[in-house]
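Residue 1 is where the sequence shown starts when you use the working numbering, and the numbers rise one by one after that.
Where is the CB? At the ideal position from N, CA and C, for every residue including glycine.
Please read all numbers here as calculations on a predicted model, not as lab measurements.
Below is one structure, written out as C-alpha cells; comments come after it.
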Amino acid sequence: MGTVTFDLAMIELGAAAALADGDVNNLAWAESVLRELAASSNAFTSDPLEVTAAPVQPEPAPYPGLASEVDARYRVLLEQIPAVVFMAFLDKGIGEAYVSPQIEEMLGFTKEEWLNDPVRWYHQIHPDDKTRWSIEAAKLFITGKPLKSLYRVLARDGHTVWFHCEAKMVRRADNQPWFIHGVAFDISELKRTEEALAKSEGMLQGLFDFAPDTVVVVGHDGRIVRVNAQVEQMFGYDRDELLGQTIEVLIPDRLRADHASHRAIYLSEPHKRPMGAGLELYGRRKDGSEFPVDIMLSPMESETGRVVIGVVRDITRRKQAEEAQREYADRLKVLSRRLMEVQESERRNIALELHDEIGQVLTGLKLTLEMGTRLPATQVGESLARARALVNDLMARVRKLSLDLRPAMLDDLGLLPTLLWHIEQYTSQTQVLVNFKHSGLQRRRFAPAVETAAYRVVQEALTNIARHAQVAEASVRLSARNQVLLIEVADMGAGFDVESGLSSSETSGLAGMRERAVLLGGRLTIDSRPGVGTSLVAELSIADGSVSPNIPSEGRGLPGE
Numbered sequence: 001m002g003t004v005t006f007d008l009a010m011i012e013l014g015a016a017a018a019l020a021d022g023d024v025n026n027l028a029w030a031e032s033v034l035r036e037l038a039a040s041s042n043a044f045t046s047d048p049l050e051v052t053a054a055p056v057q058p059e060p061a062p063y064p065g066l067a068s069e070v071d072a073r074y075r076v077l078l079e080q081i082p083a084v085v086f087m088a089f090l091d092k093g094i095g096e097a098y099v100s101p102q103i104e105e106m107l108g109f110t111k112e113e114w115l116n117d118p119v120r121w122y123h124q125i126h127p128d129d130k131t132r133w134s135i136e137a138a139k140l141f142i143t144g145k146p147l148k149s150l151y152r153v154l155a156r157d158g159h160t161v162w163f164h165c166e167a168k169m170v171r172r173a174d175n176q177p178w179f180i181h182g183v184a185f186d187i188s189e190l191k192r193t194e195e196a197l198a199k200s201e202g203m204l205q206g207l208f209d210f211a212p213d214t215v216v217v218v219g220h221d222g223r224i225v226r227v228n229a230q231v232e233q234m235f236g237y238d239r240d241e242l243l244g245q246t247i248e249v250l251i252p253d254r255l256r257a258d259h260a261s262h263r264a265i266y267l268s269e270p271h272k273r274p275m276g277a278g279l280e281l282y283g284r285r286k287d288g289s290e291f292p293v294d295i296m297l298s299p300m301e302s303e304t305g306r307v308v309i310g311v312v313r314d315i316t317r318r319k320q321a322e323e324a325q326r327e328y329a330d331r332l333k334v335l336s337r338r339l340m341e342v343q344e345s346e347r348r349n350i351a352l353e354l355h356d357e358i359g360q361v362l363t364g365l366k367l368t369l370e371m372g373t374r375l376p377a378t379q380v381g382e383s384l385a386r387a388r389a390l391v392n393d394l395m396a397r398v399r400k401l402s403l404d405l406r407p408a409m410l411d412d413l414g415l416l417p418t419l420l421w422h423i424e425q426y427t428s429q430t431q432v433l434v435n436f437k438h439s440g441l442q443r444r445r446f447a448p449a450v451e452t453a454a455y456r457v458v459q460e461a462l463t464n465i466a467r468h469a470q471v472a473e474a475s476v477r478l479s480a481r482n483q484v485l486l487i488e489v490a491d492m493g494a495g496f497d498v499e500s501g502l503s504s505s506e507t508s509g510l511a512g513m514r515e516r517a518v519l520l521g522g523r524l525t526i527d528s529r530p531g532v533g534t535s536l537v538a539e540l541s542i543a544d545g546s547v548s549p550n551i552p553s554e555g556r557g558l559p560g561e
C-alpha cells in the first residue's frame, strides 16, 4: 500500500482548538481526524459513509518495522489469546496494520479482507454505537489517553458481536506517536447473560412493585430499605419518604414502644411467621388514621446483611365482614328467641280462642241441643234455629282463626287475589283506607317462599300502621320486573326511630320482615322519622322459582283452571 504523509502536529493543533471550544464530542470533528489518519489509502471520501475499499494485497508482515524487536514466540502467544489483537502505525497511515486471526472466527472476515480495507472497522461498527466509538477513537489518536470501550460490531453474516476493547498509544523515544496497540474481547455471551438478568430483575421488580399487597423491607437496624408502590396507597407516604425511617413510623403511637421490643426479639432469632399471632395489629397512615392489618414476616440474607421482608395486607373489609357476621348472628339469636316467644304467644292465643270463644259457642250449642230434646214439639223449631245460629257463628270463628294463621287462598289462588282479600278485610276491621296498586302480578305465580314472604311483609307493615301510625290512609305498591318483586308500603303518620325499632327486643315484626327479605336474596329498607311518616321498601329476588302463566305450579291451579 502507498503511504501518504500527514502532519500529526496540525491534527493535534486542531484537536486542541476543538477541546478549547468544548466541541470534542462532535462527530464531524472525530470523522475528520479518522479521515486524516486513513488518508494514505484514500479510504474516506468527502462523505465518510461512502468508502472505496483498497484492492486486496498480500498480507503484510505481522509487525511491520518491528521484526527485529518481536520474535516468533510472541506472535504465537498473541494468536493463542481468545481475543482480537490489533496494531495500527500512525506514522505510516492506519492501513499499515496487524490483526490477529481471531477476527475471522469472531466476525467472519479473513485477515486479508480486514487489513486491505483500512476503514472496514468503521463501517462494521453498529450504527447506534458509531458516533460514540468514533469520538472515543479520535480522542485516543489525538490525546494519547488509553481507550476502554464497549461497542457492537456487525459480523459478515449480519449478527451483532459485543466487544470490550482496550487500546493504548505507544510513542517513540522523542515522544512522537508511533502506533496503536489494542485487544478486543468478545463479550456477547456476557451481554446476553446481562440482558437476561436485567429482564429477570425487571420482572422481579415488576412483581415487587405491582404486588397486590404492600411489601416493606427492613434492615437489621429496623430501618426501611425498600418498599413497593402499594405503600403509597395504603399508608399515604411517597416511597422516598419512608426510606431510612424506622419501621415504627408505620405503627400507631400507642403501640410503638412494644413493637420496638418485639422487633428486637424477632431479629435475634428470625423465621418466617405471621407477625403478632393472636393479636390485633394496626397500621398508621401518614395522616394519623389507623386501620387493621395482617403482616407476614420473612427473613432474608442480602448483600448488606440480614433483612426482613414484611408483607402487609389491609384487612379492613375482612374486619367489617366479620363484624357484620357477628351482628347478623346476634340478630339471628334475637330473632330465634323472639320466634319462640311468638310461637308460644300464638299458641296461647289459639288456646284462649279455642277455650274462651269457640269453647263457649260449643258449650252453648250443646246446651241448646240438650234442651231441645226436652221441649214440646211445638218449640223444637225455635231451639233448632238458635242451634243453627250458634253453628254459623262457630264456623265464622274457625274460619277467621284459620285465615289469621295462613289464608288458604295464598296456596290456591296466589299472591294478588290474597292481597286483595286481605286489604278488604283490613279496611273493614281498622277503617284505614289502603291505596293499592300493582303491575306484573296479573295471572302470575311465584315460588311459594316468595309469595309467603311478600304476603307477610304487607300484612305486618299494615298491622304496624293500624297500631302505631295513627292515620286514615296508607299506600301499598307491588311490581314485578327485572327478576325482582318490589314491595312499597308507606304512610304519613307518626313515624318512629328506625334504629331503635330494629334493635328493640319488644317486637319481632321489623326484624322478621328483614330476615325474610335477606333469606330470599333481597333486602329491606325502612325510612322513617318521628312525625314525618314511614316508607318501607322490600326487594325479593324472583330470578328462580317464578311460574309462567301458561305453566301452572304442580298441584296448584290458576284462577279459572
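Look up THR246 in the DSSP assignment and say whether it is helix, strand or coil. strand
So who's on the other strand from GLY219, going by DSSP bridges? VAL307
One or two residues paired with GLU539 in a DSSP bridge: LEU486, ARG523
Inter-residue Cα distance where the pair is ALA377 and VAL398: 32 Å
Exposure label - ASN228; buried when at least 16 CB within 10 Å: buried
With a cut-off of 8 Å, do at least 3 Cβ pairs link the stretch 469 to 488 to the stretch 531 to 543? yes
Beta-ladder partner(s) of VAL312, from DSSP: THR214, ILE295
Is the distance from the Cβ of ALA474 to the Cβ of ALA490 below 8 Å? yes
Cβ contact (3+ pairs, closer than 8 Å) linking the stretch 412 to 427 and the stretch 443 to 460: yes
Taking Cβ to Cβ, would you say ILE295 is nearer than 8 Å to LEU279? no
For TRP162, which beta-bridge partners are listed by DSSP? ARG152
Reduced DSSP category for VAL183 - H, G, I as helix; E, B as strand; rest coil: strand
Of all the options PRO101, LEU90, PRO212, which has the alpha carbon lying nearest to the alpha carbon of LEU77? PRO101
Hey, would you say PHE141 sits closer than 8 Å to HIS164, going by beta carbons? no
Cβ contact (3+ pairs, closer than 8 Å) linking the stretch 106 to 121 and the stretch 190 to 206: no
Apart from the five residues just before and just after MET169, which ones in its own chain have a Cβ nearer than 7 Å to its Cβ? LEU140, GLY144, PRO177, ILE180
Apply the 10 Å Cβ neighbour rule to ASN392 and answer buried if 16 or more other Cβ atoms are within range, or exposed otherwise. exposed
Bridge partners - VAL567, DSSP secondary structure assignment: Not covered by the structure: residue 567. The range shown for the chain is 1 to 561.
Determine the extent of the beta strand (DSSP E) in which TYR237 is found, giving its start and end residues. Counting along the chain, TYR237 falls outside any beta strand (DSSP E), and DSSP gives it neither H nor E.
For ASP497, does the three-state DSSP call read helix, strand or coil? coil
Starting from HIS422, follow the alpha helix (DSSP H) in both directions and report where the run begins and ends. 415 to 430
Give every residue of the same chain whose Cβ lies closer than 6 Å to the Cβ of ALA155, excluding the five residues on either side of it in the sequence, and list them in chain order. LEU107, GLY108, VAL161
Where MET87 falls: helix, strand or coil (DSSP): strand
Using only CA atoms, which one of ARG445, PHE89, THR427, ARG338 lies nearest to ASP171? It should be noted that the sequence gives Arg, not Asp, for residue 171. The shortest C-alpha separation from ARG171 is found at PHE89.
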